[in-house]
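Engineer: Handing you this structure, nothing more for now.
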Amino acid sequence: MTTDLDRLLLIRHFERALLDLFARGELNGTTHTCLGQEIVPVALAPLLGPDDHIFSNHRGHGHYLARFDDPAGLLAEIMGREGAVCGGVGGSQHILRDKYLSTGIQGESLPVASGVALHLRGSGALACAYIGDGTWGEGSVYESLNLAGLWGLPLLVVVEHNGIAQTTPTELAMSGNIGTRCAAFGVRHIALPTDDISEIRAVLTPLISSVRLGAPLVVEFAVNRLGPHSKGDDTRSGVSSLRDWYRDMSGDPGFAEADGRALELVDSVVRDVKARPLSGWDR
Ligand SMILES: Cc1ncc(C[n+]2csc(CCOP(=O)(O)OP(=O)(O)O)c2C)c(N)n1
247 MTTDLDRLLL IRHFERALLD LFARGELNGT THTCLGQEIV PVALAPLLGP DDHIFSNHRG
307 HGHYLARFDD PAGLLAEIMG REGAVCGGVG GSQHILRDKY LSTGIQGESL PVASGVALHL
367 RGSGALACAY IGDGTWGEGS VYESLNLAGL WGLPLLVVVE HNGIAQTTPT ELAMSGNIGT
427 RCAAFGVRHI ALPTDDISEI RAVLTPLISS VRLGAPLVVE FAVNRLGPHS KGDDTRSGVS
487 SLRDWYRDMS GDPGFAEADG RALELVDSVV RDVKARPLSG WDR
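Given below as structure tokens:
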């Protein structure tokens with residue numbers, strides 16, 4: 247059985263492996279890891295069903311791995327190898343699978359998710375879009391919130407507020423805050439800490455049920471981007487390091503065993519995918 251801790255650690259080691267592959271020149275293109283933000287999609291996973299649509303963003307590997315038990319398909323996609331989820335043409339940021347879509351264009355997903363939510367109205371399913379705090383600089387976010395509030399769309403917006411957009415701290419770019427912006431459109435907003443998965447689920451279960459009935463919701467999680475924006479572009483000093491995170495988590499029961507299992511799994515996925523031929527598109 248896969249536990250929440252297994253899933254968190256799988257995502258963590260998957261992302262670390264990507265940075266490692268880049269550093270060794272074995273990956274092309276770009277990638278944005280969700281190191282430090284893993285808990286959000288893992289907490290949400292059991293609250294979202296197979297009929298719900300998920301819209302992810304440029305930092306979406308954790309969203310994908312919390313939805314699909316498929317690290318090999320994702321790595322093959324990123325490396326352009328056989329078995330890639332989208333034949334190797336989407337890469338890190340552009341994945342389409344069933345009702346899951348990720349795109350790298352900030353603010354693009356919300357109008358699309360709102361349109362899907364309009365289509366889903368009355369069905370009991372919802373559209374969920376993940377965005378960062380920096381994406382609140384895009385006008386399309388406000389057009390979508392307006393329509394979501396006005397039309398009672400089953401839209402769940404998940405904000406992973408990591409306090410920085412690429413290299414710009416949020417306080418240099420955002421006037422006011424996300425909660426009052428939502429209030430302006432009559433859309434419900436809740437801010438949640440991210441240190442307790444059970445508490446997140448307990449709070450969100452009834453709220454998400456009401457999203458399904460047509461009451462849109464913005465959930466804002468305070469998270470800590472532990473890695474660079476992309477690969478080697480961290481301009482911050484004094485931020486928490488991966489080592490700190492391990493220190494925090496390592497007291498948890500079963501941590502060492504789960505960590506070893508996840509590391510082994512990711513190592514074997516990397517070995518397997520690297521040995522595959524290039525996907526048809528790349529050849
Ligand atoms: C329309 C658009 N403008 C600029 C970019 C380049 N870009 C990619 S991610 C990013 C910052 C995003 O910040 P945020 O929404 O806070 O998400 P985070 O990266 O912190 O997870 C920028 C400016 C983009 N992808 N799309």
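Heads up, the working numbering is the position in the sequence shown plus 246, with the first residue counted as 1. Idealized CB from N, CA, C, for every residue including glycine.
1. Quick check: the Cα distance between His435 and Ser514, rounded to an integer number of angstroms?
2. Please tell me whether, using a cut-off of 7 Å, the distance from the CB of Ile324 to the nearest non-hydrogen atom of ligand 1 is below it.
3. Locate the alpha helix (DSSP H) running through His365, then write down its first and last residues.
4. Going by CA-CA distance only, name the one from Gly271, His309 and Pro296 that's closest to Ala289.
5. For the stretch 393-409 against the stretch 364-381, do three or more pairs of beta-carbon atoms, one drawn from each stretch, fall closer than 8 Å, so that the two count as touching?
6. Kindly indicate which three-state DSSP category Cys428 falls into: helix, strand or coil?
7. Can you list the alpha helix (DSSP H) stretches of 4 or more residues lying completely in the stretch 291-347, in chain order?
8. Rounded to a whole number of angstroms, what is the C-alpha to C-alpha distance between Gly383 and Leu418?
9. Among the candidates His304, Asn303 and Gly337, whose CA atom is the shortest distance from the CA of Gly319?
10. DSSP beta-bridge partners for His435?
11. When you compare only the Cα positions, how much space is there between Asp505 and Asp479?
12. Are Ile285 and Leu254 closer than 8 Å when you measure CB to CB?
13. Within its chain, find whatever has a CB closer than 6 Å to the CB of His259; leave out the 5 residues flanking it on each side and keep chain order.
14. Arg471 and Asn408 look like a contact to me (Cβ under 8 Å); what is the Cβ gap, rounded to whole Å?
Structural biologist: Taking the definition as stated:
1. Translated into the one-based positions of the sequence shown, residue 435 becomes position 189. Translated into the one-based positions of the sequence shown, residue 514 becomes position 268. For His435 and Ser514, the distance between alpha carbons rounds to 41 Å.
2. The residue labelled residue 324 in the question sits at position 78 within the sequence shown. Flag unset: Cβ of Ile324 not near ligand 1.
3. Residue numbering aside, residue 365 sits at position 119 when the sequence shown is read from its first letter. Counting along the chain, His365 sits inside the alpha helix (DSSP H) bounded by residues Ser355 to Leu366.
4. Here residue 289 refers to the residue found at position 43 when the sequence shown is read from its first residue. Answer by Cα proximity: His309.
5. In short, these stretches touch, since the Cβ pair count reaches three.
6. Position 182 of the sequence shown holds residue 428. For Cys428, the three-state secondary structure derived from DSSP is helix.
7. The stretch 291-347 contains these whole alpha helix (DSSP H) runs: 307-313 and 317-325.
8. To locate residue 383, count along the sequence shown from 1; it is residue 137. To locate residue 418, count along the sequence shown from 1; it is residue 172. Taking the straight line joining both Cα atoms gives about 12 Å.
9. Indexing the sequence shown from 1 puts residue 319 at position 73. Comparing Cα positions, the closest option is Gly337.
10. If you number the sequence shown from 1, residue 435 lands on position 189. Paired residues: Val464.
11. Residue numbering aside, residue 505 sits at position 259 when the sequence shown is read from its first letter. Residue numbering aside, residue 479 sits at position 233 when the sequence shown is read from its first letter. Distance from the CA atom of Asp505 to the CA atom of Asp479, rounded to whole angstroms, is 27 Å.
12. If you number the sequence shown from 1, residue 285 lands on position 39. If you number the sequence shown from 1, residue 254 lands on position 8. For Ile285 and Leu254, yes; Cβs fall inside 8 Å.
13. Stepping through the sequence shown from its first residue, residue 259 is reached at position 13. In the same chain as His259, and ignoring 5 residues on each side of it, the C-beta atoms closer than 6 Å to its own belong to Ala508, Leu509 and Val512, in chain order.
14. Taking the first residue of the sequence shown as position 1, residue 471 is located at position 225. Taking the first residue of the sequence shown as position 1, residue 408 is located at position 162. About 4 Å; that satisfies the 8 Å criterion.
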